[in-house]
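Numbering (our numbering), first residue to last: 2 to 122.
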């Protein structure tokens with residue numbers, strides 16, 4: 002993460018994903034941007050930009066730039082994939098005994114351990 006090495010299109014896509022996540026009240030903006038406002042609504046110090054990325058930042062960047070499904074920010078499944086990506090990163094999913102399907106092009110309902118329920122019509 003960070004703007005270095007990203008194309009204008011990449012930056013726009015990251016911004017669109019962040020807006021979707023923030024607008025849906027899934028994650029606060031401060032967890033998704035280095036240069037956001039601090040908790041008092043004042044500009045965060047420049048030193049914040051030097052900190053390590055949050056798991057939420059990493060998940061948003063994965064959704065925007067690396068997720069093989071390339072979901073549009075308005076896709077109904079983007080928030081679910083984002084939330085599960087945060088879970089995967091927070092719990093060191095690469096070391097799970099079975100992480101079959103996680104962080105791949107497969108639908109989240111086929112990710113090991115994820116159970117999906119069809120909507121009742």
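A virtual CB, placed ideally from N, CA and C, is assigned to each residue, including glycine.
The beta carbon of residue 96 lies closer than 7 Å to none in the same chain, with the five residues before and after it left out.
Short of 6 Å from the beta carbon of residue 72, and not among the five residues preceding or following it, lie these beta carbons of its own chain, in chain order: 79. Taking a contact as a CB-CB distance under 8 Å, the pair residue 57 and residue 92 does not count as one, their CB atoms being some 14 Å apart.
Per DSSP, the unbroken alpha helix (DSSP H) holding residue 17 starts and ends at 9-24.
Per DSSP, reduced to three states, the secondary structure at residue 88 is helical.
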